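By numbering that gives the first Met the number 0, the letter at position 171 of the sequence shown is numbered 170, and the numbering carries on one by one without gaps.
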Amino acid sequence: MNRAGGHGAQWVRHAAERWQRAVEHLRCAARRSRLVSVRMRRAAAGEDGQTLLLGVGLITVVLALILVLASASAVYLDLKTLTSLADSAAAAAADAVDEDSYFGGAATDAGPGVLSDTGVQAAAAADLVSQPVELTGLQIAEAYSPDGATAVVTLTAYSQPPFLPWGVIPASGFTITATGTARATTGM
């Protein structure tokens, strides 16, 4: 029994030692966990504000792109309006065949009647006055008839995009130009 009892006591001592080692191991693991946690908090504290700065930068870039696109669209729409006005003025000028030459029998390749430069200029100016569209600095750059049957009208104006920095870009805006051409026909 002595032997069995001694063997039991020895087993208890080994179990107690193993238990103490396990507890010590858990304590070390807990300390390491706390150290890792502290290090992670310190690392995260060093990053505070970085996400906010990135977000503000991203919003600024997106807003700048939107404003540039809106300004480019404004210039494009002004150019399309000017092109429409030039086409309208050229069509009105092509309809303004000089009556004396039309009824007098003067003929061109397209039929009777001849377009004159002064008639093209007058008809283009009258058409522009009757248009409800207003562009800054709208003027007729050229209005002529190269062959007596074709009216060519070139208009210029200024486009002032709303969101561009006027310290960098001239205050008058961009000069835009459009040319319209129309041919006078008599249906022959």
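Beta carbons: idealized from backbone N, C-alpha and C, even for Gly.
Every value quoted in this text rests on a predicted model; they were computed, and no experiment measured them.
By the neighbour-count definition (other C-beta atoms within 10 Å, threshold 16), Ser158 is a buried residue. Counting along the chain, Val152 sits inside the beta strand (DSSP E) bounded by residues Thr149 to Ser158. Counting C-beta atoms within 10 angstroms of its own C-beta, Asp77 has 16 or more neighbours from the protein chains shown and is therefore classed as buried.
Secondary structure note for Leu137: its beta strand (DSSP E) is the uninterrupted segment Thr135 to Tyr143. Counting only runs that start and end inside the segment 0-66, there is no beta strand (DSSP E) element of at least 3 residues. Between Thr135 and Ser83, the gap from beta carbon to beta carbon reaches 9 Å or more.
Excluding five sequence positions before and after Thr153, the CB atoms of its chain that fall closer than 6 Å to its own CB belong to Ala140, Glu141 and Thr178, given in chain order. Going by DSSP, Ala95 is part of no alpha helix (DSSP H) at all; its letter is neither H nor E.
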